[in-house]
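Residue numbers (the numbering used here), protein chains in the order written: chain W, 7 to 337; chain E, 7 to 337.
Cβ atoms here follow ideal geometry from the backbone N, Cα and C, with glycine treated the same way.
The structure appears below as structure tokens.
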């Protein structure tokens, strides 16, 4: 065993490179939940998996495919980083419930029921109206529960999120968002949602994406750590972790694609604006995977114990993975 | 010119055969709007178009591809039947607004914004909640208006339908449904919807599918014709036509597929039930395309003039096609 901290980041979408994988290892990041789909259909998502298979081969001294909590423990023991696949949209299952199990077989462990817009399953946070989980959504939640594919509602609207928590027989996740009571962004979550999530055994990953931070790119580390403390107080110390939403080295064309996909002929600026359409600057204290250690130090400064820092830093997600990634009967 | 009646049926999904095409010709059916998609994605829909291209080649003495009102007039003059393509779902455009124009180029002239369930664009009539037209839906309506692809809300829910009528700058259609005030089926339409449709210049096609008929398979021809008269009175004589929803020679596996696609692991019985899961029996007076002449005779019996019979029998749809299938600037 090692005394290095075990850190898990439950959302990144970077322009993957050896440099970034080395930074993960250096930062003691035992697992990263990486996005492998924003708008892609099943076949396109498989193409992204092929690209990851090549990376697993080429960078096997740095990363390994993460399918279970044990894979994360193994990565940590070997000083590597386990890569967990997740979808930010339900587009990979198209209109076919049979693809839920197939995606799990291919390694997917998280799927959002919607991105920003209405999906076949649920409503995204940018729609004006949210009717809740659809007929197909209810079927798919049951199937995700059965195979061990975690429901992620990070980009979904309020009613859909509350209904997903209610309908799902297994705890769900909001992998990357902050409390709206701290910073009232459309993507951040109400206390109602966060309390329901916590009561059902679900997990929140704290986002470090500037649009989700109070004062944006100027948010201070202290302010961020105090927000963590208050949220842990509200939700319980075991229900929170990190989901940085780090999009390292990505060009601004990527955030434009995330927002617009191929669904609109107008330009949607999402959390940005016509004057600031690109990725916002990261806070100075969080630029890459090596900076989690500074966040943990900041948490210590605002009064967190070593045990609680270990929980939020990685142990909570590890326990959640343990309970969530297997078949329902084993849960 | 010919003195044969010009009849248009604005919805059929039969198990296409030479027999059926000959019945269309014999029945003086100048045009049939045929469904070429219930759940298919773009590529699968193209496969269905390939099958139709083969039929157009093989049965060129009986049918021809219908892309415009002129094609329908030509078919009528030659004693043939023009085949117009339509989608009962928006699945062929997937999440790509650019496919709207491509589908029009491939011959599609009608697209429902949703089938029974929630789609990316609108809500189906079987959902518990209807939030109206989505963000992508507003974009797609504008694009359908631009290229001349008619919005069909036959299977959509009330609020989505009213919003589609409101948002669309061109008249829309409900190609196959009846008034719910005559027979309160989930698929039939409220007077509110029918009046808004008529006021905007839209068209209703009267359905002959037994689940949409008062007394189902036992509905009498008289009762059906009186319903036509009352609806024409409410909507105006120029806003109604036929959309029989005829599914001739189809096995019951087809209606099960229409209802269940690949979206559910439970069995959805739609308008049927566990005890009566298959296609219902047609009324004795409407079994195939040769029987429209009996409906026209029935309409005469309840008091319709020859002019009005010609309008409802085909002229109204022909005028609607004239206004609807070209580019917006030509409208």
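Quick one: Cα of residue i to Cα of residue j, how far?
{"i": "residue 193/W", "j": "residue 249/W", "result": "13 Å"}
{"i": "residue 238/W", "j": "residue 246/W", "result": "7 Å"}
{"i": "residue 163/W", "j": "residue 22/W", "result": "30 Å"}
{"i": "residue 33/W", "j": "residue 295/W", "result": "6 Å"}
{"i": "residue 84/W", "j": "residue 243/W", "result": "28 Å"}
{"i": "residue 207/E", "j": "residue 198/W", "result": "46 Å"}
{"i": "residue 326/E", "j": "residue 210/E", "result": "11 Å"}
{"i": "residue 75/E", "j": "residue 81/E", "result": "10 Å"}
{"i": "residue 65/W", "j": "residue 265/E", "result": "47 Å"}
{"i": "residue 124/E", "j": "residue 135/E", "result": "9 Å"}
{"i": "residue 216/E", "j": "residue 284/E", "result": "12 Å"}
{"i": "residue 109/W", "j": "residue 219/E", "result": "43 Å"}
{"i": "residue 77/W", "j": "residue 183/W", "result": "25 Å"}
{"i": "residue 337/E", "j": "residue 175/E", "result": "Reliability fails at residue 337/E, whose pLDDT of 44 lies under 50, so the model's placement of it is uncertain and the value that follows must be treated cautiously. Approximately 11 Å, taken between the alpha carbons."}
{"i": "residue 87/W", "j": "residue 180/W", "result": "22 Å"}
{"i": "residue 95/E", "j": "residue 269/W", "result": "16 Å"}
{"i": "residue 79/E", "j": "residue 138/E", "result": "37 Å"}
{"i": "residue 49/W", "j": "residue 232/E", "result": "52 Å"}
{"i": "residue 260/W", "j": "residue 158/W", "result": "22 Å"}
{"i": "residue 324/E", "j": "residue 40/E", "result": "15 Å"}
{"i": "residue 45/E", "j": "residue 113/E", "result": "18 Å"}
Provide the residue span of the beta strand (DSSP E) that contains residue i, from first to last.
{"i": "residue 105/E", "result": "Unbroken run through residue 105/E is the alpha helix (DSSP H), 104-111; no beta strand (DSSP E)."}
{"i": "residue 114/E", "result": "114-118"}
{"i": "residue 170/W", "result": "Premise fails: residue 170/W lies in the alpha helix (DSSP H), 164-173, not in any beta strand (DSSP E)."}
{"i": "residue 313/W", "result": "Here residue 313/W belongs to no beta strand (DSSP E); instead the alpha helix (DSSP H) covers 312-316."}
{"i": "residue 178/W", "result": "First-last for residue 178/W: undefined, no H or E at that position."}
{"i": "residue 129/E", "result": "Here residue 129/E belongs to no beta strand (DSSP E), and DSSP marks it neither H nor E."}
{"i": "residue 158/E", "result": "156-158"}
{"i": "residue 88/W", "result": "87-93"}
{"i": "residue 17/W", "result": "13-18"}
{"i": "residue 69/W", "result": "69-71"}
Decide if residue i is buried, meaning its Cβ has at least 16 other Cβ atoms within 10 Å, or exposed.
{"i": "residue 101/W", "result": "buried"}
{"i": "residue 38/E", "result": "buried"}
{"i": "residue 287/E", "result": "exposed"}
{"i": "residue 151/W", "result": "buried"}
{"i": "residue 111/W", "result": "exposed"}
{"i": "residue 290/W", "result": "exposed"}
{"i": "residue 118/E", "result": "buried"}
{"i": "residue 154/E", "result": "buried"}
{"i": "residue 29/E", "result": "buried"}
{"i": "residue 62/E", "result": "exposed"}
{"i": "residue 161/E", "result": "buried"}
{"i": "residue 333/W", "result": "exposed"}
{"i": "residue 254/W", "result": "buried"}
{"i": "residue 317/E", "result": "buried"}
{"i": "residue 9/E", "result": "exposed"}
{"i": "residue 120/W", "result": "buried"}
{"i": "residue 56/E", "result": "exposed"}
{"i": "residue 128/W", "result": "buried"}
Alpha helix (DSSP H) containing residue i: first to last residue?
{"i": "residue 302/W", "result": "298-307"}
{"i": "residue 203/E", "result": "197-205"}
{"i": "residue 150/W", "result": "141-153"}
{"i": "residue 77/W", "result": "75-83"}
{"i": "residue 324/E", "result": "322-330"}
Pop quiz: residue i and residue j are said to be a contact at Cβ under 8 Å. What is the actual Cβ separation, rounded to whole angstroms?
{"i": "residue 90/W", "j": "residue 98/W", "result": "At roughly 15 Å, the Cβ-Cβ gap does not stay under 8 Å, so residue 90/W and residue 98/W are not in contact."}
{"i": "residue 93/E", "j": "residue 14/E", "result": "At roughly 18 Å, the Cβ-Cβ gap does not stay under 8 Å, so residue 93/E and residue 14/E are not in contact."}
{"i": "residue 319/E", "j": "residue 11/E", "result": "6 Å"}
{"i": "residue 196/W", "j": "residue 204/W", "result": "That belief does not hold up - the Cβ atoms of residue 196/W and residue 204/W are roughly 13 Å apart, past 8 Å."}
{"i": "residue 227/E", "j": "residue 315/E", "result": "At roughly 14 Å, the Cβ-Cβ gap does not stay under 8 Å, so residue 227/E and residue 315/E are not in contact."}
{"i": "residue 146/W", "j": "residue 235/W", "result": "No, residue 146/W and residue 235/W are not in contact; Cβ-Cβ is about 36 Å, not under 8 Å."}
Is the Cβ of residue i closer than 8 Å to any Cβ of chain C?
{"i": "residue 161/W", "result": "Considering every chain present, this structure includes no chain C. Its protein chains are W and E."}
May I ask whether a heavy atom of the ligand GTP can be found less than 7 Å away from the beta carbon of residue i?
{"i": "residue 158/E", "result": "Looking for the ligand GTP in the displayed structure turns up nothing, as the structure carries no ligands at all."}
Whole beta strand (DSSP E) runs in the region 20-49 of chain W with 3 or more residues, listed along the chain?
35-43
At 3 residues or longer, and completely inside the region 219-299 of chain W: list those beta strand (DSSP E) runs for me, N to C.
246-248
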